[in-house]
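For reference, the structure discussed in these notes is given below.
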Amino acid sequence: MGLIAEFRMTSDRLPLVDVAAAAPEATVEFESVQARPSGAPTFIVRVAGGDPDAIEAAFADADSVTDHSLVVADGATRRYRCRPTGGPPADLELLADNGSIPDRVLATPSGWEERRWFADREEFDQFRTFCRANDYDLRLDRLVETDEGSEGRETGPFGIDDRSRPLEMTDAQREVLVTAHEMGYFDTPRTATLADVADELDVSSASLSERLRRAQNHLVAEFRRTTKIKPRTN
Numbered sequence: 703m704g705l706i707a708e709f710r711m712t713s714d715r716l717p718l719v720d721v722a723a724a725a726p727e728a729t730v731e732f733e734s735v736q737a738r739p740s741g742a743p744t745f746i747v748r749v750a751g752g753d754p755d756a757i758e759a760a761f762a763d764a765d766s767v768t769d770h771s772l773v774v775a776d777g778a779t780r781r782y783r784c785r786p787t788g789g790p791p792a793d794l795e796l797l798a799d800n801g802s803i804p805d806r807v808l809a810t811p812s813g814w815e816e817r818r819w820f821a822d823r824e825e826f827d828q829f830r831t832f833c834r835a836n837d838y839d840l841r842l843d844r845l846v847e848t849d850e851g852s853e854g855r856e857t858g859p860f861g862i863d864d865r866s867r868p869l870e871m872t873d874a875q876r877e878v879l880v881t882a883h884e885m886g887y888f889d890t891p892r893t894a895t896l897a898d899v900a901d902e903l904d905v906s907s908a909s910l911s912e913r914l915r916r917a918q919n920h921l922v923a924e925f926r927r928t929t930k931i932k933p934r935t936n
């Protein structure tokens, strides 16, 4: 049995925390981490919502990342390339044999919200020891055992194998999904915009977009888990 952990790491020294703090209306998410032969890795960061000028200023003024550049802008979503500043975390050798893989990492004004896969409890404890060594306050929200023996290997955004039971949908995700459906957000043509649904629920458009995306991802994952679909062949 493997483990999926959802947790928060609190530290103002984590990369992109200052960007998230300067653009609180935006969702700042790691999309990929590209290793380099030498020096710091390159981050590809997905930023949804928020004011484009404020986001650009947040990257320009950030101390935690450098060499930022806009890769692509698609409506309210922008993707940036940047690199972390400073040296590597202390006691990095603690993770040398750790096979854990990040599935999702959000930068927030106080730290990171992360979903990560671990082979077993020992790996999780090792990762938590690394966080403590670097004064990252790790607060666990959920720890879920994954199923073994599932057929097929699904790849997530960080290249992980998705063979687990999907995590339970939260009440907030259910609320936005039902409200969006009732208001006609999924109709063709739409009879309600993302902003309309956000106003109805009294949340920001960025927060609504994030919750709605998580809810839709849960439904698709559950559908794929319970439905036999033959893999596509080229």
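Residue numbers (our numbering): 703 to 936.
A virtual CB, placed ideally from N, CA and C, is assigned to each residue, including glycine.
On a predicted model such as this, the values are computed, not experimentally measured, just so you know.
Using three-state DSSP, classify residue i as helix, strand or coil.
i           : result
residue 851 : Residue placement at residue 851 is flagged as unreliable, the pLDDT there being 39, under the threshold of 50; the coordinate-derived value follows with that caveat. DSSP places residue 851 in coil when its eight states are reduced to three.
residue 643 : Residue 643 falls outside the range modelled here, since the chain spans only 703 to 936, and no answer is possible.
residue 747 : strand
residue 721 : helix
residue 771 : strand
residue 888 : coil
residue 879 : helix
residue 858 : Low confidence applies to residue 858: its pLDDT is 38, below 50, so where it sits in the model is not reliable, and the reading given next is rough at best. Residue 858: coil per DSSP, three-state reduction.
residue 809 : strand
residue 754 : helix
residue 727 : coil
residue 734 : strand
residue 778 : coil
When burial is assigned at 16 or more other CB atoms within 10 Å of the CB, is residue i buried or exposed?
i           : result
residue 911 : buried
residue 880 : exposed
residue 729 : buried
residue 822 : exposed
residue 854 : Because the pLDDT at residue 854 is just 32, under 50, the model does not fix this residue reliably, and the value given afterwards should be weighed accordingly. Exposed, by the Cβ-count rule.
residue 788 : exposed
residue 914 : buried
residue 655 : The structure shown has nothing for residue 655, since the chain only spans 703 to 936.
Please report the distance separating the alpha-carbon of residue i from that of residue j.
i           : j           : result
residue 790 : residue 742 : 8 Å
residue 807 : residue 801 : 17 Å
residue 889 : residue 883 : 8 Å
residue 767 : residue 918 : 31 Å
residue 661 : residue 817 : Nothing can be reported for residue 661, as the shown portion of the chain is limited to 703 through 936.
residue 840 : residue 819 : 15 Å
residue 876 : residue 727 : 22 Å
residue 886 : residue 892 : 6 Å
residue 863 : residue 704 : Bear in mind that the predicted position of residue 863 carries a pLDDT of just 41, short of 50, making it too unreliable to give a figure here.
Kindly give me the distance between the Cβ atoms of residue i and residue j, rounded to whole angstroms, as I take these residues to be in contact under 8 Å.
i           : j           : result
residue 832 : residue 785 : That belief does not hold up - the Cβ atoms of residue 832 and residue 785 are roughly 21 Å apart, past 8 Å.
The segment 754-773 in contact with the segment 733-741 per 3-pair CB rule at 8 Å: no
Touch test, the segment 886-898 against the segment 712-721, Cβ-Cβ under 8 Å, three pairs minimum: no
contact_flag[the segment 812-824, the segment 771-781] where n(CB pairs < 8 Å) is 3 or more: Taking 8 Å as the limit for Cβ pairs, the verdict is that the segment 771-781 does not touch the segment 812-824.
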